[in-house]
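Residue numbers (my numbering): 5 to 565.
Okay, structure first, notes after.
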Amino acid sequence: MASGAGKAAQPLGPGSSVNGTAAEFPNIEQELYDYQMHSKMCKKIAQLTKVIYSLNMRNEEQEAALLTLSHAHHEELHRILVETCHEGEGSLLRTRLLELQDSLHEQQRAGAQVQADFECFRIQAEERGRETEAELRKKFEERLQAAEEELQEAKAHISDAQEESLRLGKELEKTMEQIQEMGAKCEALQKAADEERQREEEQRQRKDEDNKIERQTEKREDSERMKALLAEVKVLRDQSVRADEEKRRAVKEEREQWEQKLNDLNEEQEETRKKMETEWREERQRWEKREEEEKKGMHSALRERVKRAEAEVESHLERLAESKRNTVKLQERIQDLEEELELDRRRVSEAEGVAKRAEEELGVAKERLLLQEDELQSRAEELLNRGGCEVCVCTEVEELRSQVSRMQSRNRELELQSSGRNNDHARQIRQQLRGSVWSLLLGSPHSSSTLPHQSTSQPQTTTQYSTSSLPHKHSSLSLNQHSSPSLPRSTRSRTSCIPPTPAPTAPLPVCPSPQTGIRYVSPSCHEPHAHLQAQTIRGPYLEQRGTEGLKQEWFTKYFSF
5 MASGAGKAAQ PLGPGSSVNG TAAEFPNIEQ ELYDYQMHSK MCKKIAQLTK VIYSLNMRNE
65 EQEAALLTLS HAHHEELHRI LVETCHEGEG SLLRTRLLEL QDSLHEQQRA GAQVQADFEC
125 FRIQAEERGR ETEAELRKKF EERLQAAEEE LQEAKAHISD AQEESLRLGK ELEKTMEQIQ
185 EMGAKCEALQ KAADEERQRE EEQRQRKDED NKIERQTEKR EDSERMKALL AEVKVLRDQS
245 VRADEEKRRA VKEEREQWEQ KLNDLNEEQE ETRKKMETEW REERQRWEKR EEEEKKGMHS
305 ALRERVKRAE AEVESHLERL AESKRNTVKL QERIQDLEEE LELDRRRVSE AEGVAKRAEE
365 ELGVAKERLL LQEDELQSRA EELLNRGGCE VCVCTEVEEL RSQVSRMQSR NRELELQSSG
425 RNNDHARQIR QQLRGSVWSL LLGSPHSSST LPHQSTSQPQ TTTQYSTSSL PHKHSSLSLN
485 QHSSPSLPRS TRSRTSCIPP TPAPTAPLPV CPSPQTGIRY VSPSCHEPHA HLQAQTIRGP
545 YLEQRGTEGL KQEWFTKYFS F
């Protein structure tokens, strides 16, 4: 019974192993499939993050390049503005720089628009990625749910098969128990036959030969019975073996059927998984293709915008270079003009110095002329006081008047030329004035020779003359600085020995001269003490000096070039 129980429990092993593989295999496949899908989704998400990161990096690089270009542009504009702020033609450059600034602002706005478009594209790509991921996840969950339902159905079929196998195992156990019972009955019958045979042998021994025939017949009957029982036992054993084989065959066939079903289910699941993978791969390829096309479109648009921006920047740089060249040319022109201006300033300063010296010389010459005029008037008064050679004196006075008028006209011309700062013409005028002075000097001895000689026994006096009271524009210098000391009495003219006559208290009859403006005593007046009165004298009475010495001193001091 124990061996039969062990033999009956032995067929449950394969069934239990089949049940374990059928229960564990779908879970392993599901976990493997989930892991593969998770790894693929992680790879896809990593690829998308790499693409977004690369796009962000490119966008940041473009932004950095645009910022550097804008900073360089602003610095260049600031430098050009600083360089050209003090120039005469800076308004054109400022307008040009304002245009460049406007174009730079437009370019910055275009870059901001590109950045906004890129952000919109990135957000759309992320939304599409999330939508695609959600759609794929939804499809995967639906297919996974369908596969789980099919797996549950397969598990139900497997559980039914397991119950059927358990039922067949129980039936096999029952048949084995029946076979064991039949074997026990056979053993009991064999024991009973042995006991009967022993009894019969004992009876046969007892009866010996009496019952030999009966024994032989009984033995023959027993042997036939034994053979029949053995044949029946053999048949039962064969039936049990056949039942065992049929049970094993049925279990094997059932196992093969369930294994085939499991294989078919696995193949179907594999085909479904492959189909889902192919569909997901195709969907991913389509999505990647669409995304790549969108990326290419965006990249092409960005490249075109970048090219346009680069072209604009190049044009701006060319304009900046041209403006730099123009500024360099303007700076060179300004330097040349500054050099010319410096030369002109030097020339003007030199001309001003020469004109100032000429004005000073003119003022001194005017003062000297006034002194000479006073001297001539004093001489005329002396000659009139002497009362001799009136006709000669009048002619000499007229000549002196004409010379004084000519010298005054020359002085006016010299003033005009000095006010115009024409040095050459002023030099010519000074030469002409020097020639006229020479002619005056050459003509003075003849006029002075007609004068009578006087004694030179008067004491020597040195009087300084001041012209501070003269209303003249060139009266800044006094005669204290420019007048030379008085000559001694021995070198003076013969007419300078006459002492000065005090000014009359009563007004004298005078005749105005329209050429010189000098008022002198009319010759018709035969007063013995008529004096020549000149209203152009703007100072005190001057010391009478010799005409020749005064002319010589005035010429050597102011016309010795």
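For each residue, glycine too, the CB sits at the ideal point set by N, CA and C.
Being a predicted model, the structure only gives us computed values, none of them experimental.
Hey, would you say residue i sits closer than 9 Å to residue j, going by beta carbons?
i           : j           : result
residue 186 : residue 227 : no
residue 249 : residue 168 : no
residue 292 : residue 129 : no
residue 388 : residue 400 : no
residue 240 : residue 193 : no
residue 136 : residue 260 : no
residue 206 : residue 223 : no
residue 36  : residue 126 : no
residue 366 : residue 415 : yes
residue 66  : residue 310 : yes
residue 283 : residue 142 : no
residue 347 : residue 80  : no
residue 150 : residue 269 : no
residue 3   : residue 140 : Lying outside 5 to 565, the shown extent of the chain, residue 3 is not represented and no answer is given.
Quick one: residues in its chain with C-beta nearer than 8 Å to the C-beta of residue i, no 5 flanking neighbours on either side, listed in chain order?
i           : result
residue 313 : 70, 111, 114, 115
residue 237 : 186, 187, 190
residue 56  : 126, 129, 130
In chain order, what residues of the same chain have a beta carbon less than 7 Å from the beta carbon of residue i, not counting five sequence neighbours either side?
i           : result
residue 197 : 226, 230
residue 486 : Because the pLDDT of residue 486 is 39, which lies under 50, any placement of that residue in the model is unreliable, and the number read from its coordinates should be weighed accordingly. For residue 486, where only same-chain residues beyond five positions count, the Cβ hits under 7 Å are 368.
residue 332 : none
residue 172 : 251, 254, 255
Does residue i pass the burial test, meaning 16 or more other C-beta atoms within 10 Å, or should it be called exposed?
i           : result
residue 102 : exposed
residue 166 : buried
residue 327 : buried
residue 61  : exposed
residue 84  : buried
residue 99  : exposed
residue 49  : exposed
residue 315 : exposed
residue 320 : buried
residue 170 : exposed
residue 191 : exposed
residue 379 : buried
residue 586 : No answer is possible for residue 586: it lies beyond the span of the chain, which begins at 5 and ends at 565.
residue 345 : exposed
residue 463 : Below a pLDDT of 50, predicted positions are generally treated as unreliable, and residue 463, at 37, falls in that range; no measurement from the model is reported.
Leaving out five residues on either side along the sequence, give the residues of the same chain with a beta carbon under 6 Å from the beta carbon of residue i.
i           : result
residue 317 : 73
residue 341 : none
residue 132 : none
To the nearest whole angstrom, what separates the beta carbons of residue i and residue j, a pair I think is in contact under 8 Å?
i           : j           : result
residue 108 : residue 82  : Rounded, the Cβ-Cβ distance is 13 Å, inconsistent with contact.
residue 377 : residue 408 : 6 Å
residue 161 : residue 256 : Incorrect: roughly 18 Å between the Cβ atoms, too far for contact.
Output yes if chain D places a C-beta closer than 9 Å to the C-beta of residue i; else output no.
i          : result
residue 37 : Judged by its chain identifiers, the structure shown contains no chain D, having just a single protein chain.
Within the present structure, is the beta-carbon of residue i separated from the nearest heavy atom of the ligand HEM by less than 8 Å?
i          : result
residue 34 : As for the ligand HEM, it is missing from this structure, which has no ligand bound.
Is there contact here, the stretch 364 to 383 with the stretch 404 to 417, by at least three beta-carbon pairs under 8 Å?
yes
May I ask you to verify whether the stretch 216 to 227 touches the stretch 153 to 161, counting CB pairs closer than 8 Å and requiring at least 3?
no
Does the pairing of the stretch 177 to 192 with the stretch 271 to 280 give three or more beta-carbon distances under 8 Å?
no
Does the count of Cβ pairs from the stretch 117 to 135 and the stretch 299 to 308 closer than 8 Å reach three?
yes
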